[in-house]
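Trainee: Protein sequence lines correspond, in order, to chains A and B. If you're matching positions, the first sequence starts at 1 in my numbering and goes up one per residue. If you're matching positions, the second sequence starts at 315 in my numbering and goes up one per residue. I'd like to ask some things about the structure below.
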Amino acid sequence: MRNYIIKRILLLIPVIIIVAVIAFFITNLMPGDPVRVILGNFATEEQVLRLEQELGLDQPLIIRFFSWLSRVIRGDFGNSLYLNAPVSEVLLNRIKPTFMIAVTAEIIGVSLGLLLGITAAVNHRKILDQFSITISLFGISIPSFWLSLMLIFVFAVQLRWFPVSGFKSFSEAGLGAFRYLVLPSFTLAFMQAGLVARMTRSAMLDTLKQDYIRTARSKGISAKNVILKHALKNAMLPIITVIGHNFAILLGGTWIIETIFVIPGTGFLAINAIMRRDIPVIQACIIFVALIYIVLNLLVDISYGFFNPKIKYK
Amino acid sequence: MKKLFTMTAVLILLTTLIFSLSVSAQEERYGGTLNAAVKMSVAHLDTDNSTDSMISSMMNHVYEGLFEFDKNLQVQPHLAESYQVAEDGREYTVNLRRGVMMHNGQEMNADDVLASFDRWLRLNNGGNIVEPYFDSVEKINDYKIIFKFAEPYAPFLNILASPVSNQKFVVRAEEIIDKFGDSVITEHAGTGPYKVENWIPDQNLTLEKFDNYTASSLESSFFAGERTPYLDRIVFNFITDSQVRVSGIQTGQFQFAEEVPRDQYQIFKANSDINTQIIYPDKMAVLITNNGVPPFNNKYARQALVYALDFEELGYAMIGNPEFWRLEAALHEEGNPWHDETAGEGIYGVYDPEKAKELLAKADYDGTPLVILSGQDDDMERNGAIAIKDQLEEIGINVELQLFDRPTVVEKRAKLEGWNIHLSPFIKTVPDPQIHQGWTGTNKWITNWDSEESREMDEIFERMVKEVDYDERYKIVQEFYDEMWDSVPYFNILDFSRLHITRSNLRNYQPAWQPFFWNTWLEE
Chain A
1 MRNYIIKRIL
11 LLIPVIIIVA
21 VIAFFITNLM
31 PGDPVRVILG
41 NFATEEQVLR
51 LEQELGLDQP
61 LIIRFFSWLS
71 RVIRGDFGNS
81 LYLNAPVSEV
91 LLNRIKPTFM
101 IAVTAEIIGV
111 SLGLLLGITA
121 AVNHRKILDQ
131 FSITISLFGI
141 SIPSFWLSLM
151 LIFVFAVQLR
161 WFPVSGFKSF
171 SEAGLGAFRY
181 LVLPSFTLAF
191 MQAGLVARMT
201 RSAMLDTLKQ
211 DYIRTARSKG
221 ISAKNVILKH
231 ALKNAMLPII
241 TVIGHNFAIL
251 LGGTWIIETI
261 FVIPGTGFLA
271 INAIMRRDIP
281 VIQACIIFVA
291 LIYIVLNLLV
301 DISYGFFNPK
311 IKYK
Chain B
315 MKKLFTMTAV
325 LILLTTLIFS
335 LSVSAQEERY
345 GGTLNAAVKM
355 SVAHLDTDNS
365 TDSMISSMMN
375 HVYEGLFEFD
385 KNLQVQPHLA
395 ESYQVAEDGR
405 EYTVNLRRGV
415 MMHNGQEMNA
425 DDVLASFDRW
435 LRLNNGGNIV
445 EPYFDSVEKI
455 NDYKIIFKFA
465 EPYAPFLNIL
475 ASPVSNQKFV
485 VRAEEIIDKF
495 GDSVITEHAG
505 TGPYKVENWI
515 PDQNLTLEKF
525 DNYTASSLES
535 SFFAGERTPY
545 LDRIVFNFIT
555 DSQVRVSGIQ
565 TGQFQFAEEV
575 PRDQYQIFKA
585 NSDINTQIIY
595 PDKMAVLITN
605 NGVPPFNNKY
615 ARQALVYALD
625 FEELGYAMIG
635 NPEFWRLEAA
645 LHEEGNPWHD
655 ETAGEGIYGV
665 YDPEKAKELL
675 AKADYDGTPL
685 VILSGQDDDM
695 ERNGAIAIKD
705 QLEEIGINVE
715 LQLFDRPTVV
725 EKRAKLEGWN
735 IHLSPFIKTV
745 PDPQIHQGWT
755 GTNKWITNWD
765 SEESREMDEI
775 FERMVKEVDY
785 DERYKIVQEF
795 YDEMWDSVPY
805 FNILDFSRLH
815 ITRSNLRNYQ
825 PAWQPFFWNT
835 WLEE
């Protein structure tokens, strides 16, 4: 097991280098001039040249690439062209809001999804099954921007329970921070719940047909134990894969939700960086998202052993 | 009976007095935090280092100019106490107000002004307009300065106070300029009624009331005159989604929302919690041609474009509700000292496709598709570009529409090749005709205009810059309009207004070209 983890971590290095190279060239070759964005509409050529020199953008691409790569290997992503601060500092500040919302959404979404999925599987082809399928279908189908605007309209504008937008950390607002988390988290959780519910239902239906479930039932084990200990644990492999994949999406930042609710997270940072051609920030965001996917995939793979001890790691 | 009458009269008087006292107590209330929702974030807060007008709009609360514009676009001394212009227009003597405190605890003096002026001249877009004509500045004493020019220079005061983009000259503390030099300033010390408390990039800017603010004694009028900081705090929240800005006003989370959808105007008007603010003068939709390559390197092709377009149709397509736009040929709106009623006579708004075809033939246009390069994120630019394409195709011109995000548009339009027509919003509130020199003339801005006509235009501006007499200068401005509508290096399609909304408890809000919140207060 330990050797397997070390091997996987070592394999991360070439993957990250390949992602970094692609990130550098894609961001530098895409159209759009960051200097003119920073300087505004009526900048003169002299102002443009001066800022290009200041930012080192007047150097040939290949020279910029090697200088950038050597810095990135040391963990230095340079300075944000727009925000005038080190990229690593900017990114670190933005991870916290995204992480808070992702974790809250994941907890709500997985709990709701498992509940709906199990309910549907246990009540197969009954009214509760249809109900769960309908809810999960809504979760998958409703676009998040529409749902978020509807939630704002109902719970913020009409009922005034929650703020329309914004974000406050627990250190700033104490428990009041939850008020800012509810609407964006629930929007994201609804989609999560739909995906998890459908996967849970299908995996549980397969598992509930297995002989060992019938054996467990015939031994007189309670229905609750049969479902949670025997069926659910064995059905968890595909479910955990979906959960891991979706959690990676959430941690990478969901720019639509973060933009609508004005949450200063990684998704909001990435989309703003693209709009402003803040190249160092875009590069760091790409590498960050790749890293999240790789690490979460590794964790999901490791978790397979817990749910199914027959899986051996080499 | 007489006694009863007297008592009744006294009672009525007392009631009126109490009522008026309670009303005035309700008005002009100190305290509270105003939350403003503005539509986009800014890179930094240093106006000299960016032409982004959003920075000026917020930092107008922190920094003030030697001169500021009033509601009627008349320049007024602000940090200046008085001034004299030498008869030959070569010298401007400015006396500073005494006892004006800065946010660093020191009194503003000539050294702060000189340091700020030197930086503005080198870095700021407005300073760059003045710099070629500027000779030197002399400090007579701590409160008296003389600005000198080699030749007569008429637009100086107007450009010092310019409300266009970031152009205004503002006074910063000398120690801040010494510390940051040409780099972006991240610590701020000005003389304004508010000081910077906290800036969280991409989230918000919080300004705090400056307790030692020294107000001008002139009557308050937009940016000029007395500024009273009633509010304790002003928070500018950067909210990109317009619907979220609207929702924030509906719930009372925000008291001001910038640029909200005009199609919801009637809904806002019907809501007693919301006040609508239509800004005029505000913007103009300007069509810019690439005059460096065929066909628009020929003035007949440019004239043809004016005749080929139905401006009224474009107004409905670009903006919609006619309460928010109006046809206007002059670059200065009605009421502006430089407005010319006769501008564009005979060509502006004359929709004549046949004449357009004749002029195109005269220009030897070979039928190569015209490339319209425009932004896709702004309604006016996107809808306008689509409507212009439709109208040109109706008269048989092939058009290729290229809609991109702003950084791509900005990069592409800076090149000589690859585009023919570009649509861009310009600020309408231009206090001096000289400011148009920045984009009108030989190879100015993106027009790639280099011909006999462009040099004639340069010559007009050269004369305009030196003429200090208003009447004589106005005649030169009329010459500028004649030349502009004859050679058409670019043209104004129409003027349009943005719609801001305020919560009804925000009182005394003035719908100026840039939002400001001194002299406003929040009703309980």
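Even for Gly, the Cβ is constructed at its ideal location relative to N, Cα and C. Source: prediction; values computed, not measured.
Helix, strand or coil: how does DSSP classify S801 of chain B here?
Mentor: Start at 1 with the first residue of the second sequence, and residue 801 of chain B comes out as number 487. It is helical.
Trainee: Determine the chain B residues that contact V154 of chain A at a beta-carbon separation under 9 Å, and present them in chain order.
Mentor: On the first sequence, position 154 is the one that residue 154 of chain A refers to. Listed by position along chain B, the residues whose Cβ is nearer than 9 Å to that of V154 of chain A form an empty set, because the closest Cβ is around 11 Å away.
Trainee: Mind checking which residues open and close the beta strand (DSSP E) that includes L49 of chain A?
Mentor: Walking along the first sequence from the start, residue 49 of chain A turns up at place 49. Element bounds for L49 of chain A: not the beta strand (DSSP E) but the alpha helix (DSSP H), 45–55.
Trainee: For L687 of chain B, tell me which candidate among B:V389, B:E725, B:A677 has the shortest Cα-Cα distance.
Mentor: Here residue 687 of chain B refers to the residue found at position 373 of the second sequence. Comparing Cα positions, the closest option is B:E725.
Trainee: Per the DSSP calculation, G379 of chain B is bridged to which residue(s)?
Mentor: Taking the first residue of the second sequence as position 1, residue 379 of chain B is located at position 65. Listed as beta-bridge partners of G379 of chain B by DSSP are B:V484.
Trainee: If the cut-off is 9 Å on Cβ atoms, which residues from the region 712–726 of chain B count as contacting chain A, listed in chain order?
Mentor: F718, D719, R720, P721, T722, V723, V724, E725, K726
Trainee: Can you grab the Cα-Cα spacing for the pair L69 of chain A / G752 of chain B, in whole Å?
Mentor: The residue given as residue 69 of chain A occupies position 69 in the first sequence. The residue given as residue 752 of chain B occupies position 438 in the second sequence. Each residue's Cα considered, the two are about 41 Å apart.
Trainee: Could one say the Cβ of Y180 of chain A lies closer than 8 Å to chain B's Cβ atoms, at least one of them?
Mentor: On the first sequence, residue 180 of chain A is found 180 positions in, with the first residue counted as 1. With 8 Å as the cut-off, Y180 of chain A does not count as an interface residue toward chain B.
Trainee: Does chain B have any CB closer than 8 Å to the CB of I282 of chain A?
Mentor: Residue numbering aside, residue 282 of chain A sits at position 282 when the first sequence is read from its first letter. No, I282 of chain A does not count as interfacial toward chain B.
Trainee: Can you list the residues of chain A that N442 of chain B reaches, using a CB-CB cut of under 9 Å?
Mentor: Your numbering for residue 442 of chain B matches position 128 in the second sequence. Those within 9 Å of N442 of chain B in chain A are T44, E46, Q47.
Trainee: With a threshold of 8 Å between beta-carbons, can D893 of chain B be considered close to chain A, or not?
Mentor: Absent from the structure is residue 893 of chain B, since the part of chain B shown begins at 315 and ends at 838.
Trainee: Note the first and the last residue of the continuous beta strand (DSSP E) segment covering V558 of chain B.
Mentor: What you label residue 558 of chain B is simply residue 244 of the second sequence in a count that begins at 1. Per DSSP, V558 of chain B belongs to no beta strand (DSSP E); it is in the alpha helix (DSSP H), 556–565.
Trainee: Within the 8 Å Cβ cut-off, does S185 of chain A reach chain B?
Mentor: Mapped onto the first sequence, residue 185 of chain A falls at position 185. Not one chain B Cβ lies under 8 Å of S185 of chain A.
Trainee: Expressed to the nearest angstrom, what Euclidean distance is found between the alpha-carbon atoms of K669 of chain B and L813 of chain B?
Mentor: Taking the second sequence and counting its residues from 1, one reaches residue 669 of chain B at position 355. Taking the second sequence and counting its residues from 1, one reaches residue 813 of chain B at position 499. Distance between the alpha carbons of K669 of chain B and L813 of chain B is about 37 Å.
Trainee: With 8 Å as the threshold, decide whether the Cβ of L237 of chain A is near any Cβ in chain B.
Mentor: Locating residue 237 of chain A in the first sequence gives position 237, where the first residue counts as 1. So no, L237 of chain A is outside the interface.
Trainee: Can you confirm whether H358 of chain B, when its beta carbon is compared against all beta carbons of chain A, has any partner nearer than 8 Å?
Mentor: Walking along the second sequence from the start, residue 358 of chain B turns up at place 44. Yes, contact with chain A.
Trainee: Which of helix, strand or coil does DSSP assign to P829 of chain B?
Mentor: The sequence position of residue 829 of chain B within the second sequence is 515, counting from 1. Three-state result, P829 of chain B: coil.
Trainee: Pick out whichever of A:F190, A:K168, A:L55, A:M150 has its Cα sitting closest to the Cα of V110 of chain A.
Mentor: Along the first sequence, read from residue 1 onward, the residue named residue 110 of chain A stands at position 110. Measuring from the Cα of V110 of chain A, the nearest candidate turns out to be A:F190.
Trainee: Go through its chain and collect everything with a Cβ distance to V791 of chain B's Cβ below 6 Å, but skip five positions before and after it.
Mentor: Taking the first residue of the second sequence as 1, we reach residue 791 of chain B at position 477. W652, P747, listed in sequence order.
Trainee: How long is the line joining the alpha carbons of N605 of chain B and N734 of chain B, rounded to whole angstroms?
Mentor: For the purposes of this step, residue 605 of chain B is taken as residue 291 along the second sequence, with counting starting at 1. For the purposes of this step, residue 734 of chain B is taken as residue 420 along the second sequence, with counting starting at 1. When the Cα atoms are used, N605 of chain B and N734 of chain B turn out to be separated by approximately 8 Å.
Trainee: In its own chain, which residues sit with a C-beta less than 6 Å from the C-beta of G629 of chain B, not counting the 5 before and 5 after it?
Mentor: Numbered from its first residue, the second sequence carries residue 629 of chain B at position 315. Around G629 of chain B: W639, L808.
Trainee: Is the beta carbon of D384 of chain B closer than 8 Å to that of A538 of chain B?
Mentor: By 1-based counting over the second sequence, the position of residue 538 of chain B is 224. By 1-based counting over the second sequence, the position of residue 384 of chain B is 70. Yes; because the gap between Cβ atoms is below 8 Å, this pair is in contact.
Trainee: Using the Cα positions of T528 of chain B and H375 of chain B, report the straight-line distance between them to the nearest angstrom.
Mentor: As a first step, residue 528 of chain B is located in the second sequence; it is residue number 214 there, counting from the start. As a first step, residue 375 of chain B is located in the second sequence; it is residue number 61 there, counting from the start. Taking the straight line from one Cα to the other gives about 13 Å.
Trainee: Taking the alpha-carbon of N635 of chain B as reference, which of B:M422, B:M416, B:S811 has the nearest alpha-carbon?
Mentor: Here residue 635 of chain B corresponds to residue number 321 of the second sequence, with the count starting at 1. It is B:S811.
Trainee: Does the region 450–458 of chain B touch the region 349–367 of chain B, meaning 3 or more C-beta pairs lie closer than 8 Å?
Mentor: Using a C-beta cut-off of 8 Å, the region 349–367 of chain B makes no contact with the region 450–458 of chain B, since fewer than three inter-stretch Cβ pairs fall below that distance.
Trainee: 8 Å is my cut-off, CB to CB: does D33 of chain A come that close to chain B?
Mentor: Walking along the first sequence from the start, residue 33 of chain A turns up at place 33. Answer yes: the Cβ-Cβ gap between D33 of chain A and chain B drops below 8 Å somewhere.
Trainee: Run through the region 433–513 of chain B for me and flag every whole alpha helix (DSSP H) of 4 or more residues, listed as ranges in chain order.
Mentor: 439–444, 470–474, 488–494
Trainee: Please state whether DSSP places S303 of chain A in a helix, a strand or coil.
Mentor: As a first step, residue 303 of chain A must be located in the first sequence, where it is residue number 303. Helix at S303 of chain A.
Trainee: Name the DSSP bridge partner or partners of I741 of chain B?
Mentor: As a first step, residue 741 of chain B must be located in the second sequence, where it is residue number 427. Beta-bridge pairing links I741 of chain B to B:K597.
Trainee: Within a Cβ cutoff of 7 Å, which residues of the same chain sit near V664 of chain B, ignoring the five residues on either side of it in sequence?
Mentor: Taking the first residue of the second sequence as position 1, residue 664 of chain B is located at position 350. For V664 of chain B, where only same-chain residues beyond five positions count, the Cβ hits under 7 Å are Y621.
Trainee: Could you check which residue in A:F247, A:R36, A:S136, A:N308 has the C-alpha nearest to that of A728 of chain B?
Mentor: Stepping through the second sequence from its first residue, residue 728 of chain B is reached at position 414. Of A:F247, A:R36, A:S136, A:N308, the residue nearest in Cα terms is A:R36.
Trainee: Based on Cα-Cα distance, which residue from B:Q564, B:E714, B:L380 lies nearest to N409 of chain B?
Mentor: Taking the first residue of the second sequence as position 1, residue 409 of chain B is located at position 95. Cα-wise, what sits closest to N409 of chain B is B:L380.
Trainee: Looking at chain A, which residues of the region 509–531 of chain B have a Cβ within less than 8 Å of any of its Cβ atoms?
Mentor: I514, P515, D516, Q517
Trainee: For the beta strand (DSSP E) that contains L519 of chain B, what are its first and last residues?
Mentor: By 1-based counting over the second sequence, the position of residue 519 of chain B is 205. L519 of chain B -> beta strand (DSSP E) spans 518–523.
Trainee: Determine, using beta carbons only, whether I581 of chain B comes closer than 8 Å to chain A.
Mentor: For this step, residue 581 of chain B is matched to residue 267 along the second sequence. Answer no: the Cβ-Cβ gap between I581 of chain B and chain A never drops below 8 Å.
Trainee: At 4 residues or longer, and completely inside the region 751–806 of chain B: list those alpha helix (DSSP H) runs for me, N to C.
Mentor: 766–780, 784–801
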